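Participant: Converting from the sequence shown to our numbering requires adding 5 to each position, the first position being numbered 1.
Pasting a structure below so you can have a look.
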Amino acid sequence: MKIMHVDASARTRGSHSRELSAYFIDALRDLGSDIEIDRFDLAINPPRHFGALETAAVSIAEADHTPEMRAAIEPSDAIAARVLAADALVIGTPIYNFGMPSTLKAFFDHVSRNGKTFLADAKGMQGLLGAKKAAVLSSAGGAYSDGEMFEGLDCLTPHIRAILGFMGLTQVSFIAARPMMFAGPDAAQTSMKAAKDAANALARTWATA
Ligand SMILES: Cc1cc2nc3c(=O)[nH]c(=O)nc-3n(C[C@H](O)[C@H](O)[C@H](O)COP(=O)(O)O)c2cc1C
């Protein structure tokens, strides 16, 4: 199984979401899964934000691209090609300001491409990544369950579910370690342990699929 392993935390050390996504990959390996990793570290190689040239390039046929458009869209083509070549996505991400880090949003802007990862025309829309699966392993400072500090404010999960669903992914699993900051170290430790237990359980379903 070829896995694209994406991490979005700005912290390359001491990151809880990186710890969790690496734990999931290790759990898959420990279960004997034959996996090949395509690593994409968004803190080390942050994708460019979509600019005027990229936006213009995706709005017209490739045959009509100017040399500037072609150069601007080439990194986006390369990112989309890497996702297309993967069987599965494993994404480690923190919550920043109730949603995803801007680097991860930029990544999705490059991946979500008409004619490559989805088709949209007058007849309708169709995602093209249906055969792939994804695991999103996140961490957050606060707690989001009913009655807790940030109840109702998790914009990360529905946003990523919408983006991946739009591209056709239906097998998307979310595992969250939280609260990792605002409820003290004991709560953080308990949250990480529960998230790792969930990661082990998910790894077993992936390993036997
Ligand atoms: C810029 C920034 C914004 C944050 N915003 C939130 C937030 O909106 N909600 C929350 O629960 N935690 C927030 N946090 C806390 C992080 O989600 C938490 O520390 C998380 O574990 C960071 O992930 P990491 O350990 O992988 O770096 C924020 C942290 C930073 C640095």
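Cβ atoms here follow ideal geometry from the backbone N, Cα and C, with glycine treated the same way.
Fair warning: this is a prediction, and the values are worked out from it, not measured in the lab.
1) Considering residue 190, what are the terminal residues of the alpha helix (DSSP H) in which it resides?
2) My parser needs the alpha helix (DSSP H) runs of 4 or more residues fully inside the region 57-115; what are they?
3) Inspect the beta-carbon positions of residue 172 and residue 122 and report whether they are closer than 8 Å.
4) Residue 64: buried (16+ other C-beta within 10 angstroms of its C-beta) or exposed?
5) Are residue 62 and residue 78 closer than 8 Å when you measure CB to CB?
6) Which residue wins for smallest C-alpha separation from residue 110, given the options 142, 159, 53?
7) Return yes when at least one heavy atom of ligand 1 lies under 7 Å from the C-beta of residue 75, else no.
8) Please name the residue or residues paired with residue 50 in a DSSP beta bridge.
9) Residues in the same chain with beta-carbon distance under 6 Å from residue 158, minus the five sequence neighbours each way, listed in chain order, please.
10) Compare the beta carbon distance of residue 82 and residue 7 with 8 Å and say whether it is the shorter of the two.
Facilitator: Short version:
1) 190-213 is the extent of the alpha helix (DSSP H) around residue 190.
2) Entirely contained in the region 57-115, the alpha helix (DSSP H) runs reaching 4 residues are, in chain order, 57-62, 72-90.
3) A contact, by the Cβ cut-off of 8 Å.
4) Classification for residue 64: exposed.
5) The Cβ atoms of residue 62 and residue 78 lie closer than 8 Å to each other.
6) Measuring from the Cα of residue 110, the nearest candidate turns out to be 53.
7) Every heavy atom of ligand 1 is 7 Å or more from the Cβ of residue 75, so no.
8) Answer is none; residue 50 lacks a bridge partner.
9) Around residue 158: 103.
10) No. Outside cutoff.
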